[in-house]
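Which chain is which? The protein sequence lines are L and U, in order.
My numbering numbers the first residue of the first sequence as -4 and each following residue consecutively.
My numbering numbers the first residue of the second sequence as -16 and each following residue consecutively.
C-beta atoms are modelled at their ideal positions from N, C-alpha and C, and glycine is treated no differently.
All values reported here derive from a predicted model rather than from experimental measurement.
Just below is one structure, and these are the notes that go with it.
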Amino acid sequence: MASVKISNLQKRYGNIEVLHELDLDVADGRFIVLLGPSGCGKSTLLRMIAGLESVTSGDILFDGKRMNDVHAKDRNIAMVFQNYALYAHMSVRKNMAFSMRLNKTDKKTIDEKVNWASSILGLDEYLDRLPKELSGGQRQRVAMGRAIVRDPEVFLFDEPLSNLDAKLRVQMRTEIKDLHQRLNTTTVYVTHDQIEAMTMADEVVIMRDGYIEQSGTPMEIYDHPNNLFVAQFIGSPSMNILECEVAGQGASSVAVCKGVTLPLPLERSFSTGSKIHYGIRPEHLQISKKSAMHDSAGDQSSLSATVRVVEPTGPEIHVYASLAGQDICAITRERLELQPGEEILLRPDISHVHLFDGETSNAL
Amino acid sequence: MISRGSLPRWLTSEHPLPWLFPVTSLLVVFGLYPVLYSLWLSFYKRNPATRKEKFLPSWNWNKLISDDRVWDAVEITLTYVVIALVLQLVLGMLIALLLDTDRKGFGVMRALMTLPLVVPPAVTGMMFLLMYDSSFGVISNSLYALNLLSPSAPILGTSSTALWGVIVADVWQWTPFMVLIMLAGLRALPREPFEAASIDGASGIQSFFYLTLPMMSKIIALAILIRGIDLFRIFDYVKVMTDSGPGTATETLTAYAGTVYFKTANFPYASTVALATLIVVLVVSSVFIKVFKIKF
Chain L
-4 MASVKISNLQ KRYGNIEVLH ELDLDVADGR FIVLLGPSGC GKSTLLRMIA
46 GLESVTSGDI LFDGKRMNDV HAKDRNIAMV FQNYALYAHM SVRKNMAFSM
96 RLNKTDKKTI DEKVNWASSI LGLDEYLDRL PKELSGGQRQ RVAMGRAIVR
146 DPEVFLFDEP LSNLDAKLRV QMRTEIKDLH QRLNTTTVYV THDQIEAMTM
196 ADEVVIMRDG YIEQSGTPME IYDHPNNLFV AQFIGSPSMN ILECEVAGQG
246 ASSVAVCKGV TLPLPLERSF STGSKIHYGI RPEHLQISKK SAMHDSAGDQ
296 SSLSATVRVV EPTGPEIHVY ASLAGQDICA ITRERLELQP GEEILLRPDI
346 SHVHLFDGET SNAL
Chain U
-16 MISRGSLPRW LTSEHPLPWL FPVTSLLVVF GLYPVLYSLW LSFYKRNPAT
34 RKEKFLPSWN WNKLISDDRV WDAVEITLTY VVIALVLQLV LGMLIALLLD
84 TDRKGFGVMR ALMTLPLVVP PAVTGMMFLL MYDSSFGVIS NSLYALNLLS
134 PSAPILGTSS TALWGVIVAD VWQWTPFMVL IMLAGLRALP REPFEAASID
184 GASGIQSFFY LTLPMMSKII ALAILIRGID LFRIFDYVKV MTDSGPGTAT
234 ETLTAYAGTV YFKTANFPYA STVALATLIV VLVVSSVFIK VFKIKF
């Protein structure tokens, strides 16, 4: 196992710079996930770590050793590809044994390792089958088997679950995490699926347009997003963002969004008239039905909204509503009977409000 | 306008017959009929003196089996086919591997590669005839200068080298065809297994033998089949360059059939020899298809 250090890493294709002086540290045995939308450079970064793409400038270090000019075959890494990249003409056994055959491992060791990997991955009965005779999930397991028999310094996963159906994806997610806990090998995992990132990672690295936007533990990123992009990218349904202007002074300052007044955290001070993005996650909006009692009470901290769509997911209900002409989503675990067009009250949990600068989009 | 309902169904586009008719009729007229006619001819014994033909079904076939020249021709044909095929296959693959890149300028190289294919085989034969000429031919003179050959034994005039001389012309002309097939195959190979192999520790040569070759096996088999069948029909190079000589050192089956036909005018026997070529091709290619499990 090895630590991976990336410093000042840059990648250009002709005049186009796709990665901009990235710095990243992966401690030995950690599971880090590179997360970002398509085209953000996460796969390119992974392929550079693997040695499949050349480095324009900067360094890739494994345990302090510079790897830039080391060929992929000499880096002692294992990689699982999105479309499995199995050797179609070889049986499962031969696929897994391939790397060991190449470095002339003796047959007994090869058999032991293949059997060990196949028992971990539940592939015992498929060892003599060809990849085309296996289901997607089984193929993915073979690709993982091929990686683990190598006892690599670093595991690299390039969106390994994106070709699987939803149920299998959840199952394989657990298997990969379980495998990492058993083998404790340094792992770099690329995905665009934030649920995968949140559930599997020790550390999530969020990328956009060749830059690292934020890195940290999944909960750090969820609870304290650095900027608007991270805030909206992490979480499903994503964070509600309302464009507001600060009104009032000191403790009485509020955010005003198209005539709707939103409470601001008391301990913070804002200059009047400044533009802000007011962010609140759907689960931090408490939903209640609008009743005569509420009306008469004139509850100041509640916002009146109109239900557009109701999506029951089982454990919770997602309510999409319209608030002063803006779409807003709220989540409740209560079994509320809501109808489209119905008026509801939303009460934001002030301690979980995220505020971002109106111009720079950075967290305030 | 004729309404669809007024035509019998087998004449409408819903039925396979109208679609199959044009190509089937071409095959019947230009493929099946000549073969059947040859077969019919082979059942006649021709008397060269009287120019009369008599129906004796086994006569030509018996003659064929006892004709040493036929067996020599079979041997020469097989030698020719195997050597030319191996050379074209190996060279074709090597050149295709060199051209299988997206680097600048290689598109032009790939296009230029196909140039020999547009030269008519008879012209290629003439061209090599000039290059082999012992007084001014560039190939002959180079070989003399390197002391690999002596001017007293001209390439096409010596039985031990004449067949090689013809094979070189064939290889020059038809290797680009192999390159095209191999390139199409190589360009269609998925990239990921090769990346996986390089991460698994495979060198370029190991990737070639463990991945490229097995993944290309069907395409290679098909290329061998197409070129192999074509090579069995070798006629033009032999006719132009050596006219089966010296002696019968380069006399292939089709060349022998030609000789029988044009020089002795024994049409029934010439047909029998031509049919023998067809039989050899059918047997060899059927075995090949069976062994390599080629599916069309």
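Notebook entry, point to check: When DSSP builds the beta bridges, which residues end up paired with M360 (chain L)?
Noted result: The first residue shown for chain L is -4 and the last is 359, placing residue 360 (chain L) beyond what the model contains.
Checklist line | Between the CA atoms of E338 (chain L) and L223 (chain L) - distance to the nearest angstrom | finding: Using only the alpha carbons, I get a separation of about 29 Å.
Check: The alpha helix (DSSP H) with S299 (chain L) in it runs from where to where?
Finding: Element bounds for S299 (chain L): not the alpha helix (DSSP H) but the beta strand (DSSP E), L298 to P307.
Note to self: Rounded to the nearest angstrom, what separates S291 (chain L) and K285 (chain L) at their Cα positions?
What the structure shows: For S291 (chain L), the pLDDT reaches just 43, beneath the cut-off of 50, and the residue's location in the model is therefore unreliable, leaving the point undetermined.
Next item on the list: Please report the residue range of the beta strand (DSSP E) in which I323 (chain L) lies.
Entry: Taken as a continuous stretch (DSSP letters only), the beta strand (DSSP E) holding I323 (chain L) covers Q321 to T327.
Note to self: Less than 8 Å between the beta carbons of A145 (chain U) and P229 (chain U), yes or no?
What the structure shows: Yes, they are a contact pair.
Note to self: Below 9 Å on C-beta distance, what does F152 (chain L) contact in chain U?
What the structure shows: Going along chain U, no residue has its Cβ under 9 Å from F152 (chain L), so there is no contact; the nearest lies around 12 Å.
Item checked: Exposure label - M199 (chain U); buried when at least 16 CB within 10 Å -> By the neighbour-count rule (16 or more Cβ atoms within 10 Å), M199 (chain U) is buried.
Check: Looking at S2 (chain L) and G36 (chain L), is the spacing between their C-beta atoms short of 8 Å?
Finding: No.
Next item on the list: Mind listing the chain L neighbours of D51 (chain U)? Cutoff is C-beta to C-beta under 8 Å, in chain order.
Entry: Those within 8 Å of D51 (chain U) in chain L number zero; the least Cβ separation is about 46 Å.
Notebook entry, point to check: Bridge partners of T182 (chain L), per DSSP?
Noted result: The partner list for T182 (chain L) (beta bridge, DSSP) reads L:F26 and L:F150.
Notebook entry, point to check: For D219 (chain U), does the count of other Cβ atoms within 10 angstroms reach 16, so buried, or fall short, so exposed?
Noted result: D219 (chain U) counts as buried, since at least 16 other C-beta atoms from the protein chains shown sit within 10 angstroms of its C-beta.
Item checked: Counted within 10 angstroms of its Cβ, other Cβ atoms place M214 (chain L) as buried (16 or more) or exposed -> So M214 (chain L) ends up on the exposed side.
Next item on the list: Assuming P335 (chain L) and L280 (chain L) form a contact by the criterion Cβ under 8 Å, report the distance between their Cβ atoms to the nearest whole angstrom.
Entry: About 18 Å; that fails the 8 Å criterion.
Check: Given a limit of 7 Å on CB to CB distance, which residues of the region 190 to 205 of chain U reach chain L?
Finding: Residues L194, P197 and M198.
Notebook entry, point to check: For I188 (chain U) and chain L, any beta-carbon pair shorter than 8 Å?
Noted result: With 8 Å as the cut-off, I188 (chain U) does not count as an interface residue toward chain L.
Next item on the list: Go through the region 187 to 238 of chain U residue by residue and report every complete run of the alpha helix (DSSP H) that reaches 4 residues or more, in order.
Entry: Listed in chain order, the complete alpha helix (DSSP H) runs (minimum 4 residues) inside the region 187 to 238 of chain U are 187 to 190, 196 to 215 and 219 to 224.
Check: Can you tell which of L:G205, L:G254, L:I236 and L:L261 has its C-alpha closest to the C-alpha of S248 (chain L)?
Finding: Taking only the C-alpha atoms, the option nearest S248 (chain L) is L:L261.
Next item on the list: Mind checking which residues open and close the beta strand (DSSP E) that includes Q5 (chain L)?
Entry: Looking at the DSSP string, the run of the beta strand (DSSP E) that includes Q5 (chain L) is V(-1) to Y8.
Next item on the list: Quick one: list the residues of chain L neighbouring G184 (chain U), beta-carbon separation under 7 Å, in chain order.
Entry: Correct list: K68, S94, L97 and N98.
Check: Buried or exposed: which applies to Y252 (chain U), given that a residue is buried once 16 or more other Cβ atoms fall within 10 Å of its Cβ?
Finding: Looking at its Cβ environment, which holds 16 or more other Cβ atoms inside 10 Å, Y252 (chain U) is buried.
Item checked: Cα-Cα separation, S(-2) (chain L) to R42 (chain L) -> Spanning the two alpha carbons is a distance of roughly 17 Å.
Notebook entry, point to check: Taking the continuous beta strand (DSSP E) assigned at T256 (chain L), which residues delimit it?
Noted result: In this chain, the beta strand (DSSP E) harbouring T256 (chain L) covers V255 to P258.
Note to self: Buried or exposed for S133 (chain U), going by 16 or more other Cβ atoms inside 10 Å?
What the structure shows: Classification for S133 (chain U): exposed.
Check: Going along chain U, which residues have a C-beta under 9 Å from L47 (chain L)?
Finding: Neighbours of L47 (chain L) on chain U, chain order: E178, S181 and I182.
Notebook entry, point to check: Counting only beta-carbon atoms, is A250 (chain L) nearer than 8 Å to chain U?
Noted result: No, its Cβ sits nowhere closer than 8 Å to a Cβ of chain U.
Notebook entry, point to check: Roughly how many whole angstroms lie between the Cα atoms of P173 (chain U) and V149 (chain U)?
Noted result: The C-alpha of P173 (chain U) lies about 38 Å from the C-alpha of V149 (chain U).
Next item on the list: State the start and end residues of the unbroken beta strand (DSSP E) segment that holds S317 (chain L).
Entry: The continuous beta strand (DSSP E) containing S317 (chain L) extends over residues I312 to L318.
Check: Using the beta-carbon of each residue, which ones in chain U are nearer than 7 Å to H84 (chain L)?
Finding: Neighbours of H84 (chain L) on chain U, chain order: P197 and M198.
Item checked: Limits of the unbroken alpha helix (DSSP H) element including K103 (chain L) -> For K103 (chain L), the enclosing alpha helix (DSSP H) stretches over residues K102 to L116.
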